[in-house]
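Trainee: Following this message is one structure expressed as structure tokens.
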Amino acid sequence: MKLTLGQVIFKYYFLWQYAQMSWKEMNLWMRLPRHPNIVRFDRVVVDELEGRVVGFTNVYMPGGNLEENRSRAFKLEWLQQLIKVVDDLDLEYGITHQDIAPRNLLIDESTDSIMLFDFNFAARMDCPSPVESEEYVEDRNDIKGVIFTTYEIITQDNSLRNIPHEDQNIDSLTSKIEGQESV
């Protein structure tokens, strides 16, 4: 048995019928190449009695996510790192995260880097899936996620999170910003 040094987060589902969601996330996340801006997948957790997968762990990052820590100033360097990790996921690895949001962004205080985690909505871009929860949804695209997330972090206006993804559009955000400038 290999022991992990440091703290980890354990993600699991109580109800077995929802385990498929965890399995999909785990399978995708654990196969990603190591990236300086993706929280590291740690290990699969197996029930010793029945031998089935019950969840997984990922490396713990102290300090909370950007949604919980709104007083933290958002650095241009972090935006550049966020854009880079999204480009790498989408263009290099063929994976779309589909849930870019302040709640899924941590800051690694030891390296002063932004860290993306929580791949439960992620999907392969080139592989249509018969399972609805595994497919790429254009309305949840990562570029739009970065734009809306950056707006939310900088302005601390999270009102757009109440709008369904399919109704969010860049033009309405631009109009909102232009309307604020004239006030």
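Each residue of the sequence shown is one higher than the one before, counting from 1 in UniProt numbering. Built from N, CA and C at the ideal position, the CB exists for glycine as well. Computed from a predicted model, the values in this text were never measured in an experiment.
#1: Would a C-beta distance cut-off of 9 Å place Leu82 and Val146 closer than the cut-off?
#2: So, is Val46 buried or exposed, given that buried needs 16 or more other C-beta atoms within 10 angstroms?
#3: Suppose you measure from the CA of Phe56 to the CA of Gly179; what does that come to, to the nearest Å?
#4: If you follow the alpha helix (DSSP H) that Ile154 is in, where does it begin and where does it stop?
#5: Have a look at Ser182 and Ile170 and give me their C-alpha separation to the nearest angstrom.
#6: Rounded C-beta distance between Val8 and Asp42? I'm assuming under 8 Å.
#7: Report the CB separation of Asn120 from Glu25 in whole angstroms; it is logged as a contact under 8 Å.
#8: DSSP on Ile9, reduced to helix/strand/coil?
#9: Can you name the start and end residues of the beta strand (DSSP E) that Leu76 belongs to?
#10: For Arg43, report the span of its beta strand (DSSP E) as first-last.
#11: Which one of Ala123, Phe148, Thr149 and Ser71 has the shortest CA to CA distance from Val137?
#12: Could you tell me how far apart the beta carbons of Gly6 and Tyr93 are, in whole angstroms, since I believe they sit closer than 8 Å?
#13: Taking the C-alpha atoms as reference points, what is the distance between Arg34 and Leu28?
#14: Use the C-beta contact count for Ile148: other C-beta atoms within 10 angstroms, 16 or more gives buried, fewer gives exposed.
#15: Could you tell me whether the Cβ atoms of residue 234 and Leu91 are closer together than 9 Å?
#16: I need the straight-line Cα distance from Thr150 to Val53, nearest angstrom please.
#17: Could you tell me the alpha carbon to alpha carbon distance between Glu166 and Asn58, rounded to whole angstroms?
#18: Would you mind working out which of Leu32, Arg31 and Val44 sits nearest Tyr12, comparing C-alpha positions?
#19: What does Leu28 pair with, by DSSP beta-bridge criteria?
Mentor: For this structure:
#1: Translated into the one-based positions of the sequence shown, residue 82 becomes position 82. Translated into the one-based positions of the sequence shown, residue 146 becomes position 146. Yes. Within cutoff.
#2: What you label residue 46 is simply residue 46 of the sequence shown in a count that begins at 1. Counting Cβ neighbours within 10 Å, Val46 comes out exposed, since fewer than 16 surround it.
#3: As a first step, residue 56 is located in the sequence shown; it is residue number 56 there, counting from the start. As a first step, residue 179 is located in the sequence shown; it is residue number 179 there, counting from the start. C-alpha separation (whole angstroms): 45 Å.
#4: Counting from 1 along the sequence shown, the entry for residue 154 is found at position 154. Taken as a continuous stretch (DSSP letters only), the alpha helix (DSSP H) holding Ile154 covers Asp142 to Thr155.
#5: Stepping through the sequence shown from its first residue, residue 182 is reached at position 182. Stepping through the sequence shown from its first residue, residue 170 is reached at position 170. Annotation note: pLDDT 45 at Ser182 (below 50); position unreliable, coordinate value reported separately. Their backbone Cα atoms lie some 19 Å apart in a straight line.
#6: Numbered from 1 along the sequence shown, position 8 holds the residue referred to as residue 8. Numbered from 1 along the sequence shown, position 42 holds the residue referred to as residue 42. About 5 Å separates the two Cβ atoms, so the contact holds.
#7: Position 120 of the sequence shown, counted from the first residue, corresponds to residue 120. Position 25 of the sequence shown, counted from the first residue, corresponds to residue 25. The Cβ separation is near 5 Å, so the contact holds.
#8: Your numbering for residue 9 matches position 9 in the sequence shown. Residue state, collapsed to three classes: strand.
#9: Taking the sequence shown and counting its residues from 1, the one referred to as residue 76 is at position 76. Per DSSP, Leu76 belongs to no beta strand (DSSP E); it is in the alpha helix (DSSP H), Leu76 to Asp87.
#10: Position 43 of the sequence shown, counted from the start, is the residue given in the question as residue 43. First-last of the beta strand (DSSP E) with Arg43: Phe41 to Val46.
#11: Looking up residue 137 in the sequence shown gives position 137. Taking only the C-alpha atoms, the option nearest Val137 is Ala123.
#12: What you label residue 6 is simply residue 6 of the sequence shown in a count that begins at 1. What you label residue 93 is simply residue 93 of the sequence shown in a count that begins at 1. Not really, about 26 Å apart at Cβ, beyond 8 Å.
#13: Within the sequence shown, residue 34 is the residue found at index 34, counting from 1. Within the sequence shown, residue 28 is the residue found at index 28, counting from 1. Each residue's Cα considered, the two are about 13 Å apart.
#14: Along the sequence shown, one-based indexing puts residue 148 at 148. According to the sequence displayed, residue 148 carries Phe and not Ile. Buried, since its Cβ has 16 or more Cβ neighbours within 10 Å.
#15: The structure shown has nothing for residue 234, since the chain only spans 1 to 183.
#16: The sequence position of residue 150 within the sequence shown is 150, counting from 1. The sequence position of residue 53 within the sequence shown is 53, counting from 1. Cα to Cα, Thr150 sits roughly 36 Å from Val53.
#17: Within the sequence shown, the letter at position 166 stands for residue 166. Within the sequence shown, the letter at position 58 stands for residue 58. Answer to the nearest angstrom: the Cα atoms are 30 Å apart.
#18: Position 12 of the sequence shown, counting from 1, holds the residue named residue 12. Measuring from the Cα of Tyr12, the nearest candidate turns out to be Val44.
#19: Taking the sequence shown and counting its residues from 1, one reaches residue 28 at position 28. BP columns for Leu28 are empty, so no partner.
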